[in-house]
Amino acid sequence: MPQTQIVFRQATSQDIPAMSTIRLAVRENVLSDPSRITQKMYEDYLELLGRGWVAEVDGVIAGFCYANKTDSSIWALFMALEYEGQGIAKHLLNIATAWLFEQGNEFVRLSTGMGTRADQFYVSQGWHRERVEGNDAYYLLASAG
510 MPQTQIVFRQ ATSQDIPAMS TIRLAVRENV LSDPSRITQK MYEDYLELLG RGWVAEVDGV
570 IAGFCYANKT DSSIWALFMA LEYEGQGIAK HLLNIATAWL FEQGNEFVRL STGMGTRADQ
630 FYVSQGWHRE RVEGNDAYYL LASAG
């Protein structure tokens, strides 16, 4: 039986269509207006405003994560449904937070829908819930260094 190969790498503009497909296919944290997330936003977060990474499983993009360097936050972390629960999102998140800490940030922040699987995921990864506003939970991760 062939071994599954998972490759984590920095995202490129060629990855944007696959990332957008993954983002629009989610069952939770669904965008009320999908046109809000534009091609330009994906492009800007590749280098100008931050950095993005993808996970490829046997050459197929399984998930992605974007770090926003302007406010030391996670802009996006999404997995294709068939690759959830395999530890890939955890690894992508660790890559992104490590990069933000390497930029000199003491904290990383993010928000997600309250009561979602993502909400539970961040708690399980050691993030501290700062506050809840409406249906959104806001999290903070402090640098270990």
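Going letter by letter, the sequence shown gives residues 510 to 654 in the working numbering. For glycine and all other residues, C-beta sits at the position ideal for the given N, C-alpha and C.
Exercise. Using DSSP with H/G/I as helix, E/B as strand and the rest coil, what is Asp580?
Worked result: Indexing the sequence shown from 1 puts residue 580 at position 71. In the structure shown, Asp580 sits in coil (DSSP, three-state: anything other than H, G, I, E or B).
Exercise. Ordered along the chain, which non-local residues of its own chain (more than five positions away) have a Cβ less than 8 Å from that of Gly572?
Worked result: One-based indexing of the sequence shown puts residue 572 at position 63. Taken in chain order, the residues that qualify are Ile531, Val563, Ala564, Leu586, Phe587, Met588, Ala589, Tyr592, Ile597, Ala598, Leu601.
Exercise. Thinking C-beta only, is Glu615 closer than 8 Å to Ala651?
Worked result: Numbered from its first residue, the sequence shown carries residue 651 at position 142. Numbered from its first residue, the sequence shown carries residue 615 at position 106. Going by C-beta atoms, Ala651 is nearer than 8 Å to Glu615.
Problem set entry | Beta carbon of Leu557 nearer than 8 Å to that of Ser581 | Looking up residue 557 in the sequence shown gives position 48. Looking up residue 581 in the sequence shown gives position 72. Cβ distance not < 8 Å, so Leu557 and Ser581 don't count as in contact.
For this session: Within the region 614–651, note down every full alpha helix (DSSP H) run reaching 4 residues or more, in order along the chain.
Result: 626–633
For this session: Mind checking who Glu565 pairs with in its DSSP beta bridge?
Result: For the purposes of this step, residue 565 is identified with residue 56 of the sequence shown, where counting begins at 1. Note: Glu565 sits in a beta bridge opposite Val516, Ile570.
Problem set entry | Assigned exposure category for Ala520 - 16 Cβ within 10 Å defines buried | As a working note, residue 520 is residue 11 in the sequence shown. That one is buried.
Exercise. When you compare only the Cα positions, how much space is there between Glu527 and Ile570?
Worked result: As a position in the sequence shown, residue 527 is number 18, starting the count at 1. As a position in the sequence shown, residue 570 is number 61, starting the count at 1. Residue 527 is actually Ala in this sequence, not Glu. Taking the straight line from one Cα to the other gives about 7 Å.
Problem set entry | Best match in Leu619, Gly594, Gly624 for proximity to Thr579 [C-alpha to C-alpha] | As a working mapping, residue 579 is identified with position 70 in the sequence shown. It is Leu619 whose Cα lies nearest to the Cα of Thr579.
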